[in-house]
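Asks:
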């Protein structure tokens, strides 16, 4: 979508009286959408899921971007303390059951948010993996909350052209080879052959659940 069409779509939601929110992981490729949202209406809440396992650099970058763009940030955390996020052998779930770890730290905390809002704006892109390639710009989501993917058809070049044009900052770990940055235990440096393979290396897993479990059936 063009920036003008993104603006028209969001303004349309607002005219309908729909409650809108945005989620962001505050990676480098998240910044163009946050910048666009900030220009359209910086009172739209930006939900940030803090799993408790994120890189310190991500939290610093989140605060920097929030301040520079004047965003309304809301932090979301799991109701389950990390000390209880272990299996019966005492191993942390991110090592023994990463799907369940993602569920209690990302998917589950999002569920009550979806019941309170009408439109969920997020920055997934079709080129990131096969699941996202099959998604639409706008589609039904869980709990009757519509999903809006305004940059679904953007590619990496478009992302970095936008960043360069608007002189926007990049995540500090980019220079160290981390281009798909999630939780620290489950992230490794960038693989030239597959951006998303930097997450959950060696596992048959490419999504945390937000864009699988929270999609309308």
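Residue numbers (this note's numbering): 12 to 228.
Just so it is clear, CB atoms sit at the ideal spot from N, CA and C, and this is done for glycine as well.
Nothing here was measured: the structure is a model prediction, and the numbers come from that model.
Between residue 63 and chain B, is the shortest Cβ-Cβ distance under 8 Å, so that the two count as touching?
Replies: No chain B is present in this structure, which holds just one protein chain.
Asks: Just curious, the alpha helix (DSSP H) that residue 170 is in, first and last residue?
Replies: For the purposes of this step, residue 170 is taken as residue 159 along the chain shown, with counting starting at 1. Segment 167–176, the alpha helix (DSSP H) holding residue 170.
Asks: Relative to the alpha-carbon of residue 158, which residue among 180, 131 and 29 has its alpha-carbon at the smallest distance?
Replies: Position 147 of the chain shown, counted from the start, is the residue given in the question as residue 158. That would be 131, whose Cα lies nearest to the Cα of residue 158.
Asks: Among 44, 65, 227 and 193, which has the Cα closest to the Cα of residue 80?
Replies: Stepping through the chain shown from its first residue, residue 80 is reached at position 69. Comparing Cα positions, the closest option is 44.
Asks: In three-state DSSP terms, what is residue 56?
Replies: What you label residue 56 is simply residue 45 of the chain shown in a count that begins at 1. If DSSP states are grouped into helix, strand and coil, residue 56 belongs with the strands.
Asks: Over the uninterrupted alpha helix (DSSP H) stretch that includes residue 233, give me the two end residues.
Replies: Coverage of the chain is limited to positions 12 through 228, which leaves residue 233 absent and any answer about it impossible.
Asks: Classify residue 198: buried if its beta carbon has 16 or more other beta carbons within 10 angstroms, exposed otherwise.
Replies: To locate residue 198, count along the chain shown from 1; it is residue 187. By the 10 Å Cβ count, residue 198 comes out buried.
Asks: Could you spell out where the beta strand (DSSP E) holding residue 83 opens and where it closes?
Replies: By one-based count along the chain shown, residue 83 stands at place 72. Looking at the DSSP string, the run of the beta strand (DSSP E) that includes residue 83 is 83–87.
Asks: Consult DSSP for residue 211 and reduce its assignment to one of helix, strand or coil.
Replies: Locating residue 211 in the chain shown gives position 200, where the first residue counts as 1. With a pLDDT of only 48 at residue 211, under 50, the local geometry of the prediction cannot be trusted, and the value read off the model is given with reservation. Correct three-state label for residue 211: coil.
Asks: Distance, Cα to Cα, residue 56 vs residue 31?
Replies: By 1-based counting over the chain shown, the position of residue 56 is 45. By 1-based counting over the chain shown, the position of residue 31 is 20. Looking at the two C-alpha atoms, the distance is approximately 8 Å.
Asks: Could you say if the segment 177–186 and the segment 39–54 meet the contact criterion of at least three C-beta pairs nearer than 8 Å?
Replies: The segment 177–186 is in contact with the segment 39–54.
Asks: Have a look at residue 207 and residue 140 and give me their C-alpha separation to the nearest angstrom.
Replies: As a working note, residue 207 is residue 196 in the chain shown. As a working note, residue 140 is residue 129 in the chain shown. With a pLDDT of only 45 at residue 207, under 50, the local geometry of the prediction cannot be trusted, and no value is derived from it.
Asks: Return the bridge partner residues of residue 80 from the DSSP annotation.
Replies: Mapped onto the chain shown, residue 80 falls at position 69. Paired residue(s): none; residue 80 is not in a bridge.
Asks: What do you get for residue 168, buried or exposed, if any count of 16 or more other CB atoms within 10 angstroms of its CB means buried?
Replies: Counting from 1 along the chain shown, the entry for residue 168 is found at position 157. Counting Cβ neighbours within 10 Å, residue 168 comes out exposed, since fewer than 16 surround it.
Asks: Is DSSP giving residue 66 helix, strand or coil here?
Replies: The residue given as residue 66 occupies position 55 in the chain shown. Here residue 66 sits in coil by DSSP.
Asks: At the level of alpha carbons, what is the spacing between residue 53 and residue 83?
Replies: One-based indexing of the chain shown puts residue 53 at position 42. One-based indexing of the chain shown puts residue 83 at position 72. Going from the Cα of residue 53 to the Cα of residue 83 covers about 7 Å.
Asks: With distances taken between CB atoms, is the gap from residue 40 to residue 148 smaller than 8 Å?
Replies: The sequence position of residue 40 within the chain shown is 29, counting from 1. The sequence position of residue 148 within the chain shown is 137, counting from 1. No, Cβ-Cβ distance for residue 40 and residue 148 is not below 8 Å.
Asks: Can you give me the C-alpha to C-alpha distance between residue 166 and residue 135, rounded to a whole angstrom?
Replies: Translated into the one-based positions of the chain shown, residue 166 becomes position 155. Translated into the one-based positions of the chain shown, residue 135 becomes position 124. When rounded, the distance between both Cα atoms is 11 Å.
Asks: CB-CB under 7 Å to residue 65, same chain, minus the five flanking residues each way: which ones, in chain order?
Replies: Counting from 1 along the chain shown, the entry for residue 65 is found at position 54. 194 and 195, listed in sequence order.
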